[in-house]
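Novice: Just so we're aligned: 74 in the working numbering is position 62 of the sequence shown, and the numbers increase by one with no gaps anywhere. We put the beta carbon where it would ideally sit given N, CA and C, even for glycine. Before anything else, here's the structure in question.
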Amino acid sequence: MLSTKFRPTLAMTLCGLMLASCSDNKNAQPIDLSALSVGLSEPDSQGYKAEVRWTESGVPHVIADTLDSAIFGQAYGNATLNICTLADIVVMAKSQRASYLGEGENGQWLESDFAHLALGVRARAEASWGQLSHRARRALIAYAAGTNHYLATT
Numbered sequence: 013m014l015s016t017k018f019r020p021t022l023a024m025t026l027c028g029l030m031l032a033s034c035s036d037n038k039n040a041q042p043i044d045l046s047a048l049s050v051g052l053s054e055p056d057s058q059g060y061k062a063e064v065r066w067t068e069s070g071v072p073h074v075i076a077d078t079l080d081s082a083i084f085g086q087a088y089g090n091a092t093l094n095i096c097t098l099a100d101i102v103v104m105a106k107s108q109r110a111s112y113l114g115e116g117e118n119g120q121w122l123e124s125d126f127a128h129l130a131l132g133v134r135a136r137a138e139a140s141w142g143q144l145s146h147r148a149r150r151a152l153i154a155y156a157a158g159t160n161h162y163l164a165t166t
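Have a look at this one:
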């Protein structure tokens with residue numbers, strides 16, 4: 013069972029991953045979504061198989077036979093449209109923004125790194141991995157695999 017201290021951290025992390033697909037960027041260029049439909053006719057090296065299709069309005073629809081493959085496909089779709097946001101979340105959680113982006117305006121990335129390090133975001137997540145249910149770990153592994161598949165094939 014997850015401790016009550018860990019539940020908010022897990023919830024915030026999962027919300028961050030889900031909200032990564034949201035953007036208020038008014039200058040974003042439209043993407044030709046018709047070229048983005050992808051399907052894995054053969055399972056990837058980890059056994060995930062999914063098809064991702066986008067609606068005209070940019071909503072990814074995932075077709076898969078298993079929940080893990082659906083999560084893999086959702087992650088692939090999210091990475092297709094939001095890889096920069098996902099990368100920023102990873103760098104932020106690892107307290108490495110200043111390492112990759114410099115100090116930032118008025119030291120904003122240094123402050124971000126210090127705050128996330130002081131809060132122990134990464135350390136708590138790593139320490140709590142074993143407390144997650146098998147199902148939750150499988151879901152997170154499938155999500156990471158979908159993102160990694162996008163990176164490997166782009």
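Have a look at W66, H73, D125 and L98 and flag the residue whose alpha-carbon is nearest the alpha-carbon of N1.
Specialist: Summary: the structure shown does not reach residue 1, with the chain confined to residues 13 through 166, and so no result is reported for it.
Novice: Sort L93, L144 and S145 by Cα distance to Y162 and report the nearest one.
Specialist: L93
Novice: Under 9 Å, do S124 and S107 count as touching if we go by C-beta distance?
Specialist: yes
Novice: Can you tell me which residues form a DSSP beta bridge with A135?
Specialist: In DSSP, A135 forms no bridge with anything.
Novice: Among G142, E68 and G158, whose alpha-carbon lies nearest the alpha-carbon of L79?
Specialist: G158
Novice: Assign I75 to buried or exposed, taking buried as 16 or more other Cβ atoms, counted over all protein chains shown, within 10 Å of its Cβ.
Specialist: exposed
Novice: I need the straight-line Cα distance from T165 to R65, nearest angstrom please.
Specialist: 17 Å
Novice: For a test of the three-state rule: what should DSSP assign to Q71, helix, strand or coil?
Specialist: What sits at residue 71 in the sequence shown is Val, not Gln. If DSSP states are grouped into helix, strand and coil, V71 belongs with coil.
Novice: So, with DSSP's three-state summary, where would you put E63?
Specialist: DSSP places E63 in strand when its eight states are reduced to three.
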